[in-house]
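Participant:
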Ligand code: SF4
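Residue numbers (our numbering): 24 to 515.
What follows is the structure in structure tokens.
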């Protein structure tokens, strides 16, 4: 856990006052890209400029930056190679400035003060890049990226900002509504009471998506049913609640944390099914949804698409199998929702348009453009191997089989890097993909879903696609893109 001190938002405001008098340049955002022809380009801003103040204020994060730069006049205090500069830009109100900055949070990401036994960050091997070990519990990242916050460090001042700036939706980890169970799961006495902030957010009309990570023997069974009853009683205005299984890697050191048995997974699916009916009858929507992984673990078929009510938690792995299927079979014109890799927040590009909570028109030419499919070699009519995690293979294989094509095959990538029950495609590492590809013939086309890559084209273990033993085509992780990639030449 980061050693950064636990500053409340009130304390942060005090320190911001100090910062206004003498801003810390080490925390100032740095310009990383300028859009050609933008107001920033016309004003002569260049990559590497440090933004010290905007309109006289020190922005704490990309949200304040976005709001300030939406104004018609933007006065910037900059530092360029240590030289102070002032730049004034006139533009239309709401017109993007055309600047990408280096990070989303300029002061400090608020780290979590919990010690959950199921935390996947504790289960990472040593030696990965430092950003992956950051345990954030920051409502700003919840708004920007869909990260889940437990609210154990949330404050009155945070509430005021969320409500004033309408930072909605937020994403909140519930896990259990029983105060004792929740504080025990978070290993934090504040976990017992911090759901009062959830109540306050809902009272102020902030949309909130909840999450329950289910640990067998801890908060499944009667505890899960009690939690869903607690949600009905105390938080019925929630947008939706995702019920997801804990992930267990081979580096797990907590004996009590283990994967579900088939029977346990079936029991979770049954409880969610029963409570969907209760919620539908009482609040008019099913509200609670089990992750796709549960249906695979429980050896059950996925619910029909209409039971997902528009897929409100698609980016959290709820209903992706059904949307992928519809997209692949041409029953959807557009891919559904945002795809996020496991560490999307720490690896996300600085382009504000990529945040889930900010939808700016700003768009700068960055390396993230590499997410488009790229062709790197073999003939279009060469045999095709679709690389995917072991769980993803169970979803994609029936779709590929339905094509009745002997030249297209699914290649499951066993996750030896993390081990345990980590079979999701977003956790595929370069090492495992490289080992798998080394056993496959040369000259074939290999399709790699983009969900396992950072925007710089790196896997979680730091390898790049260029280091793989076979050339791969990076394909957006949706059924439409996969179908287009495997279509025979001349069929489009
Ligand atoms: S709240 Fe999240 S980051 Fe913090 S310990 Fe628990 S699982 Fe890990």
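Cβ coordinates follow ideal geometry from the N, Cα and C atoms, glycine included. As the structure is a computational prediction, the values presented were derived from the model and not from experiment.
Would residue 191 pass as a contact of residue 229 if the rule is Cβ separation under 8 angstroms?
Facilitator: yes
Participant: Closer than 8 angstroms is the cut-off here; do at least three beta carbon pairs connect the region 419-427 with the region 251-261?
Facilitator: Judged by Cβ distances under 8 angstroms, the region 419-427 makes no contact with the region 251-261, as fewer than three pairs qualify.
Participant: Whether or not the region 67-87 and the region 101-115 are in contact is what I'm after, with contact meaning three or more pairs of Cβ atoms, one per stretch, closer than 8 angstroms; do they touch?
Facilitator: yes
Participant: Identify whether residue 144 lies in helix, strand or coil by the three-state DSSP scheme.
Facilitator: helix
Participant: Heavy atom of the ligand SF4 less than 7 angstroms from the Cβ of residue 411, yes or no?
Facilitator: no
Participant: Pick out whichever of 211, 234, 325 and 202 has its Cα sitting closest to the Cα of residue 219.
Facilitator: Ranked by how close their Cα comes to the Cα of residue 219, the residues 211, 234, 325 and 202 have 202 in first place.
Participant: Considering Cα atoms alone, identify which of 258, 128 and 160 is closest to residue 142.
Facilitator: 160
Participant: Use the C-beta contact count for residue 455: other C-beta atoms within 10 angstroms, 16 or more gives buried, fewer gives exposed.
Facilitator: Result: buried.
Participant: Check the C-beta distance from residue 163 over to residue 65 and give it rounded, since I have them as a contact under 8 angstroms.
Facilitator: Your pair residue 163 and residue 65 does not check out as a contact, with CB atoms roughly 30 angstroms apart and the cut at 8 angstroms.
Participant: For the ligand SF4, is there a heavy atom less than 7 angstroms away from the beta-carbon of residue 238?
Facilitator: Checking every heavy atom of the ligand SF4 against the Cβ of residue 238, none is found closer than 7 angstroms.
Participant: Using only the heavy atoms of the ligand SF4, determine whether one of them is closer than 7 angstroms to the beta carbon of residue 138.
Facilitator: yes
Participant: With DSSP as the reference, please indicate the residues paired to residue 311 in a beta bridge.
Facilitator: 264
Participant: What are the start and end residues of each continuous alpha helix (DSSP H) run of 4 or more residues lying completely inside the region 451-515, in chain order?
Facilitator: 453-461 and 502-509
Participant: May I have the straight-line CA-CA distance separating residue 486 from residue 126, to the nearest angstrom?
Facilitator: Looking at the two C-alpha atoms, the distance is approximately 22 angstroms.
Participant: Determine the direct distance from the alpha carbon of residue 240 to that of residue 76, and round the result to whole angstroms.
Facilitator: Between residue 76 and residue 240, the C-alpha separation is close to 51 angstroms.
Participant: So, helix, strand or coil for residue 283, using DSSP?
Facilitator: coil
Participant: Based on DSSP bridge pairs, tell me the residues matched to residue 172.
Facilitator: 195
Participant: Is there contact here, the region 455-469 with the region 332-351, by at least three beta-carbon pairs under 8 angstroms?
Facilitator: In short, these stretches do not touch, since the Cβ pair count stays below three.
Participant: Identify the residues that DSSP records as bridge partners of residue 233: which are they?
Facilitator: 195 and 264
Participant: Below 8 angstroms CB to CB, which residues in the same chain sit around residue 1 once its five sequence neighbours on both sides are set aside?
Facilitator: It is not possible to answer for residue 1, since the shown part of the chain is limited to 24 through 515.
Participant: Do residue 348 and residue 502 count as a contact pair if the criterion is CB distance below 8 angstroms?
Facilitator: A contact, by the Cβ cut-off of 8 angstroms.
Participant: For the beta strand (DSSP E) containing residue 92, name the first residue and the last one.
Facilitator: Segment 85-92 is the alpha helix (DSSP H) holding residue 92; no beta strand (DSSP E) there.
Participant: Give a yes or no on whether the C-beta atoms belonging to residue 357 and residue 151 are separated by under 8 angstroms.
Facilitator: no
Participant: Comparing C-alpha positions only, which one of 52, 494 and 414 sits nearest to residue 270?
Facilitator: 414
Participant: Please confirm if the region 87-96 is in contact with the region 115-122, defined as three or more CB-CB distances below 8 angstroms between the two stretches.
Facilitator: yes
Participant: How close, in whole Å, do the beta carbons of residue 288 and residue 321 come, if the pair is a contact with beta carbons under 8 angstroms?
Facilitator: 4 angstroms
Participant: Verify the CB distance criterion: does residue 240 have a CB-CB separation below 8 angstroms to chain C?
Facilitator: Any reference to chain C falls outside this structure, which holds one protein chain only.
Participant: Excluding sequence positions up to five away, which residues of its chain have a Cβ less than 7 angstroms from the Cβ of residue 429?
Facilitator: Within the same chain, no Cβ atom closer than 7 angstroms to the Cβ of residue 429 is found once the five residues on either side in sequence are excluded.
Participant: The ligand SF4 heavy atoms versus the CB of residue 209: any closer than 7 angstroms?
Facilitator: yes
Participant: I'd like to confirm something about residue 497: is its beta-carbon nearer than 7 angstroms to some heavy atom of the ligand SF4, or not?
Facilitator: no
Participant: So what's residue 253 in DSSP terms, helix, strand or just coil?
Facilitator: helix
Participant: Let me make sure I understand the geometry here. Which of 123, 166, 87 and 111 has the alpha-carbon closest to that of residue 20?
Facilitator: In the structure displayed, the chain extends from 24 to 515; residue 20 sits before or after that span and is not available.
Participant: Throw me the rounded Cβ distance for the residue 416 and residue 433 pair, which I believe falls under 8 angstroms.
Facilitator: So it is a contact: roughly 5 angstroms between Cβ atoms.
Participant: If residue 306 sits next to residue 266, beta carbons under 8 angstroms apart, how far is it from one beta carbon to the other, in whole angstroms?
Facilitator: The Cβ separation is near 17 angstroms, so there is no contact.
Participant: Using only the heavy atoms of the ligand SF4, determine whether one of them is closer than 7 angstroms to the beta carbon of residue 144.
Facilitator: Yes, the ligand SF4 has a heavy atom inside 7 angstroms of this Cβ.
Participant: Throw me the rounded Cβ distance for the residue 81 and residue 99 pair, which I believe falls under 8 angstroms.
Facilitator: So it is not a contact: roughly 12 angstroms between Cβ atoms.
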